[in-house]
Amino acid sequence: MKARTVLGSLVLISVLVLPVFAAGTGQLQGYFSDASHRVKATVDPAEKRQILNNSFESMSAVLGVVRSLPLVSKDDVAGIDHARAAINEKKDELAGTNGYARVPDARLNAFSDYVVQDMEQADQVITISVVTLLLIIILIVLIVK
1 MKARTVLGSL VLISVLVLPV FAAGTGQLQG YFSDASHRVK ATVDPAEKRQ ILNNSFESMS
61 AVLGVVRSLP LVSKDDVAGI DHARAAINEK KDELAGTNGY ARVPDARLNA FSDYVVQDME
121 QADQVITISV VTLLLIIILI VLIVK
């Protein structure tokens, strides 16, 4: 009876992990997509820059908090570090620091789309476990709302 229960639990977990992971990555992409929509709805370039900058800072802070948690594996730490580096590059590009040319005001809408597309592609490269992904989502919800 125990073997049947354990086997059933493993099958159930295996079936549920993929939808949870897919929903999690969708929420991370949705975070940057929402920022992109707010950028496009804003006319003032300074406000657009502020929206993008705040999004980068919030996500970087969330990743920093999750990275410091003791239950995060070394593989997840490497994925988080890679994601934070990518976000910092986007932030530098937006501001024109660390050797990047500043994104012109007229290109901020296109830059926000580029950020969303880059984060979607990063999901294929960066591997983060489901537990870590859920922690990131929880912290995003707590910080943003």
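The numbering of the sequence shown is the working numbering, which starts it at 1 and goes up by one. Note that CB positions come from ideal geometry on N, CA and C, so glycine has one too.
Taking the straight line between their C-alpha atoms, what separation do you get for residue i and residue j?
i	j	result
Ile67	Asn88	Note that residue 67 corresponds to Arg in the displayed sequence, not to Ile. Cα-Cα distance, rounded: 16 angstroms.
Ser33	Leu94	17 angstroms
Phe21	Arg49	Bear in mind that the predicted position of Phe21 carries a pLDDT of just 38, short of 50, making it unreliable; the figure below should be weighed with that in mind. Looking at the two C-alpha atoms, the distance is approximately 31 angstroms.
Met119	Ser73	22 angstroms
Leu71	Val65	12 angstroms
Asp113	Leu69	31 angstroms
Val39	Gln117	15 angstroms
Arg102	Ala78	28 angstroms
Glu47	Asp75	37 angstroms
Gln29	Asn53	16 angstroms
Ala41	Asp105	14 angstroms
Whose C-alpha, out of the options, is nearest the C-alpha of residue i?
i	options	result
Pro45	Ala78, Asn109, Glu120	Asn109
Gln121	Ala83, Ser36, Ile51	Ala83
Asp81	Leu63, Gly30, Asp105	Leu63
Ala86	Glu47, Gly30, Val43, Ser60	Ser60
Phe111	Gln29, Thr42, Ser36, Glu57	Ser36
Go ahead and pull the three-state DSSP assignment for residue i.
i	result
Tyr100	coil
Ser60	helix
Ile80	helix
Pro45	helix
Leu71	coil
What do you reckon, is the C-beta of residue i under 7 angstroms from a heavy atom of the ligand HEM?
i	result
Asp92	Annotation note on the ligand HEM: not contained in the displayed structure, which lists no ligands.
Whose C-beta lies closer than 6 angstroms to the C-beta of residue i among residues of the same chain, with five residues either side of it excluded?
i	result
Ala23	For Ala23, the predicted model reports a pLDDT of 40, less than 50, meaning its position is unreliable; a value from the coordinates is still stated below. Correct list: empty, nothing qualifies.
Which residues in the same chain have their Cβ closer than 7 angstroms to the Cβ of residue i, if we skip the five residues on either side of it in sequence?
i	result
Phe56	Ile87, Lys90, Lys91
Asn98	Asp92
Tyr100	Asp92, Glu93
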